[in-house]
Amino acid sequence: MTFAQDPETAKFDGMPRSAIDSGCIDFVLSPEKIAEELSWMSKHPTLRRKSTDSHQEPKDDDHVFNSILNLVSTSQGADFSKYKPNTIHRRTQQRMASLGIASLVGYLTYLGGHPEEAAKLSNHVLIPVTEFFRNPEVFEDLTSTIYPAIVGEYGKETIRIWVVACSSGEEVYSLAITLLEFLGAKADNLHIQIFGTDISEKVIAKARSGIYPDSAMKNLSGDRIAKFFTKETGGYRVNKTVRDLCVFARQDVAKDPPFSNLDLISCRNFLIYVQPELQEKIISTLHYALNPSGFLLLGSAESAASYPLMFTPLNKKNKIYSKKIGNHRQQRTFKTSRTPIQASVSPPAKARPIARATSGWSSCNPASTGRRRSAARSCSAWCSKSTCRNCGRPVSTC
Ligand SMILES: C[S@@+](CC[C@H](N)C(=O)[O-])C[C@H]1O[C@@H](n2cnc3c(N)ncnc32)[C@H](O)[C@@H]1O
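If you read the sequence shown in numbering that gives the first Met the number 0, its first letter stands for residue 0, the second for the next number, and so on.
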């Protein structure tokens, strides 16, 4: 088990924050709570055995563990088989400890009899830690170098950004705020779409609401709060001007179709949790989804250095890359999602209304011209069988 001091309780929060950013921390607690947790864990039989005898795992455990993953995958639609096993093991043990269950077999039996536990395990494994302006220097760098490059393109009418694994939306809104600040009055002449997706419906619902508790506002200046938020009972709500740019949807980046024609993709603090094979598949998906001059932003503990044919590093510290074209030939096929992505309740600013999907996926007919063609090209991830989710028209005509 790994612990980090809750940054809220630390005099200097740099160290705990970077430990939390590494993705290896199981518990973020105050010093008093860490002591309580350690004392409780030392009395828990499963955790005691693991710490003294971890190299002698019973072989049957692998089998039982796979059954647990299968059960979660079937009931929650989240396939954790390509996630880093240590994280999944630790998280499962934490659920077992909190239920007072000492063996994996016991936990599998419990899962069978308590359908709600699969959702709890799934949520616990997903680690939805996020905050507004996480690693603030990244947003400064976007404003000084990346946004000018995106907007500087001749005749640019639309800006499309995708935040993969966006959790409860703070990162999406942080990007929207910085982009609005950068654009100023020019924002009125551009069609801005910022898509935020995550595998968890629960966090996506929170992101859509745009309501955050007072404690979530600590990284925001008074000016930003005054300009972009409205005080409500129990917290702050992101203003409609910002919310209207953002579209949230459930999406499993490991298997669902991506968006396309994107200027910037932010995929931060998610790849650290998955095995290299799945990392490569996702990086390749993101490369495919970017337009030829697009940019990729990763988390501080992540890197695209192993994919030099797909991405060129622009800022190694802040993990910003530009898409490379020409060297990487790929043909991607995407399986239809088990559950169609649910569109956001609010359509993006100046966009035609996005129709709600009714079943499955299909692409728009690209054989159109002018503005229609650009809408058709850019809507592959937003189509239902009959209606294009990007432009709101019947697939056959958009
Ligand atoms: C640590 S959070 C990162 C949040 C945000 N990007 C940030 O950096 O602050 C990781 C997120 O990845 C999401 N996630 C995990 N597996 C996913 C998948 N296959 N597809 C999409 N999102 C996924 C989790 O639900 C969780 O919200």
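Glycine is no exception: its CB is placed at the ideal position from the N, C-alpha and C atoms. Since the model is a prediction, treat every value here as computed from it, not as a measurement.
The Cβ atoms of Thr177 and Thr232 do not sit closer than 8 Å to each other.
Taking one beta carbon from each stretch, the segment 194-206 and the segment 224-244 have fewer than 3 pairs nearer than 8 Å; the two do not touch. Between ligand 1 and Ile198, a heavy atom-to-CB distance of less than 7 Å is present. Between Val104 and Leu296, the C-beta gap is not smaller than 8 Å, which leaves the two residues out of contact. In this structure, DSSP gives Phe79 a state outside helix and strand, which the three-state scheme calls coil. Here the segment 222-230 does not lie against the segment 186-199, with fewer than 3 beta-carbon pairs under 8 Å apart. The Cβ neighbour count for Leu37, taken over all protein chains shown within 10 Å, is under 16; the residue is labelled exposed. DSSP places Tyr306 outside both helix and strand once states are collapsed to three, so it counts as coil. At least one heavy atom of ligand 1 is found less than 7 Å from the C-beta of Val252.
Around the Cβ of Gly298, a 10 Å sphere holds 16 or more other Cβ atoms; the residue is buried. Secondary structure note for Tyr287: its alpha helix (DSSP H) is the uninterrupted segment Pro275 to Ala288. As computed with DSSP, Tyr211 is found in a beta bridge with Tyr235. DSSP lists Phe194 as the bridge partner or partners of Val246. A direct Cα-to-Cα measurement between Tyr153 and Leu70 gives close to 51 Å. Look at Val128 here: in three-state DSSP terms it is coil, with no helix or strand label. Just so you know, the alpha carbons of Ser214 and Gly234 end up roughly 8 Å apart. With contacts defined as CB atoms closer than 8 Å, Arg94 and Leu125 fail to qualify as a contacting pair.
Residues of the same chain with a CB within less than 7 Å of the CB of Glu170, apart from the 5 flanking positions on each side, are Thr129, Arg133, Val162, Ser265 and Arg267 in chain order.
Here DSSP, grouped into helix, strand and coil, assigns Asn122 to helix. Under DSSP, Thr73 takes part in no beta bridge, so it has no partner. Distances between the C-beta of Phe269 and the heavy atoms of ligand 1 include at least one below 7 Å. Membership of Val163 in the beta strand (DSSP E) is indicated by the continuous run Thr157 to Val163.
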